[in-house]
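First comes the structure, then the notes that go with it.
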Amino acid sequence: MLTLDSLPKQFPAARFHAEWRLMTWHPTGILTNERADRAVELLESTEKLEGRPFHRYIDMTGYTRIKIDIDHIVRLARRRKRSYKGALVKTGFYAARLLSLSIAQMYAELLTGSRIQACIFRDRALAADWLGMPVTILQPPGSDR
Numbered sequence: 011m012l013t014l015d016s017l018p019k020q021f022p023a024a025r026f027h028a029e030w031r032l033m034t035w036h037p038t039g040i041l042t043n044e045r046a047d048r049a050v051e052l053l054e055s056t057e058k059l060e061g062r063p064f065h066r067y068i069d070m071t072g073y074t075r076i077k078i079d080i081d082h083i084v085r086l087a088r089r090r091k092r093s094y095k096g097a098l099v100k101t102g103f104y105a106a107r108l109l110s111l112s113i114a115q116m117y118a119e120l121l122t123g124s125r126i127q128a129c130i131f132r133d134r135a136l137a138a139d140w141l142g143m144p145v146t147i148l149q150p151p152g153s154d155r
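Each number in my numbering comes from the position in the sequence shown (counting from 1) with 10 added on.
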């Protein structure tokens with residue numbers, strides 16, 4: 011069972027920063043439909059566990075390949091748009107490659123009109139400013155801060 015304490019064990023690339031009301035996620039490897047589903051399950055589980063709204067930050071620069079179907083992105087965005095009923099939250103996507111930027115932009119556009127405000131960044135410092143926190147919080151785990 012997922013708890014906020016077990017989050018780093020079950021999702022090593024994810025961290026919940028309670029003092030900043032933020033979940034950061036630094037996935038690596040290949041983005042597939044299955045891994046995207048697991049990420050949404052992580053998010054929905056954390057929302058239930060925490061019980062209070064929190065912002066999100068996804069660093070897509072660790073992906074080595076992207077093999078997600080476009081219709082899968084549409085389904086996930088629609089699911090999040092329907093299922094999230096909490097207070098307004100921000101989701102910042104940090105990406106550098108064109109494909110990652112395009113996927114994040116598509117997802118953000120599909121969330122328009124929901125309680126989830128998404129924005130895409132090529133600069134981590136701009137993402138930190140938009141989220142209202144120090145840039146060091148957004149660094150990948152184990153990196154020099």
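Note that CB positions come from ideal geometry on N, CA and C, so glycine has one too.
Item	Value
For Met143, which of helix, strand or coil comes out of DSSP?	coil
For a test of the three-state rule: what should DSSP assign to Arg155, helix, strand or coil?	Because Arg155 sits at a pLDDT of 48, beneath the cut-off of 50, its placement in the model cannot be relied upon, and the following sentence gives the value as read from the coordinates. Coil.
So, using beta-carbon positions, are Arg68 and Arg90 closer together than 8 angstroms?	The amino acid occupying residue 68 in the given sequence is Ile; Arg does not appear at that position. No, Cβ-Cβ distance for Ile68 and Arg90 is not below 8 angstroms.
What is the residue span of the beta strand (DSSP E) that Thr42 lies within?	39 to 42
Mind listing, in chain order, the continuous beta strand (DSSP E) runs of no fewer than 3 residues lying wholly within the segment 58 to 115?	65 to 69, 73 to 77, 99 to 104
Within this structure, are the beta carbons of Phe26 and Met70 separated by less than 8 angstroms?	no
Determine, using beta carbons only, whether Arg134 and Leu111 come nearer to each other than 8 angstroms.	no
Please report the distance separating the alpha-carbon of Arg155 from that of Thr146.	In this prediction, Arg155 has a pLDDT of 48, which is less than 50 and means its spatial position is unreliable; what the coordinates show is noted afterwards. Using only the alpha carbons, I get a separation of about 6 angstroms.
If I measure Cβ to Cβ from Val99 and keep anything under 8 angstroms in the same chain, skipping five residues before and after, which residues do I get?	Pro63, Phe64, His65, Arg66, Arg125, Ile126, Gln127
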